[in-house]
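Residue numbers (the numbering used here): 126 to 306.
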């Protein structure tokens, strides 16, 4: 068990995307706010019920939120059920209704493979570890602007205690433009 009262995540491989780190706690006020909300819904359990989570209860975070449904099997697949407007603009495509392994059809093969592998690995770590994951990474935009990305992925369950959904949030140090809030 980690300091959050959930099982510790398996160690993730840090591959170059400028840098990709998995700190032990939130690294931004928005990831911290979603984590606190998630924690408040946990009660005495390690993983809160999906039915206890209502993104409308955190309206200022809604543009940055995503919700993925877990489809067990080999391999485990993750289907996007909700993809906030800021996240859509940030990644350049609306991923609602799509599987994680179907992201980035317009990207070059190497970049697409790296993105899919990285997010598949992160979601799999949350699924396997049944605990939160926090991410801090450096990103260079097509306009050559450097950004620090902050993300969190939080497990949710239908009732069984196993991970059935992942609640996520992505933001940057430069903040979320007011048009999204």
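Every residue, glycine too, gets a C-beta built ideally from N, C-alpha and C.
In whole angstroms, what separates the C-alpha of residue 257 from that of residue 277? 7 Å
Residue 167 lies in the alpha helix (DSSP H); which residues open and close that run? 154-167
Can you check whether the CB of residue 281 is closer than 8 Å to the CB of residue 181? no
When burial is assigned at 16 or more other CB atoms within 10 Å of the CB, is residue 297 buried or exposed? buried
Assuming residue 175 and residue 252 are in contact, meaning their beta carbons sit under 8 Å apart, how far apart are those beta carbons, in whole angstroms? 14 Å between Cβ atoms; not a contact.
Using DSSP bridges, identify the partner residues of residue 145. 262
Who does residue 190 pair with in a DSSP beta bridge? 294
Is the beta carbon of residue 186 less than 8 Å from the beta carbon of residue 279? no
Near residue 189, which residues of its chain fall below 7 Å by C-beta distance, leaving aside the five closest residues on each side in sequence? 155, 209, 211, 212, 294, 295, 296 and 301
Are residue 193 and residue 261 closer than 8 Å when you measure CB to CB? no
Alpha-carbon to alpha-carbon, residue 145 and residue 173: 27 Å
Between residue 162 and the rest of its own chain, which residues show a CB-CB distance below 6 Å, the 5 nearest in sequence each way excluded? 183
Cβ-based burial, residue 271 [other Cβ within 10 Å; buried from 16]: exposed
Let's see if you can read the secondary structure: which residues bound the alpha helix (DSSP H) around residue 301? Where residue 301 is concerned, there is no enclosing alpha helix (DSSP H), given that its DSSP letter is neither H nor E.
How would you call residue 152, buried or exposed, if buried means at least 16 neighbouring beta carbons within 10 angstroms? buried
Using only the alpha-carbon positions, how far apart do residue 238 and residue 168 sit? 38 Å
Alpha helix (DSSP H) segment containing residue 213, residue limits: 210-216
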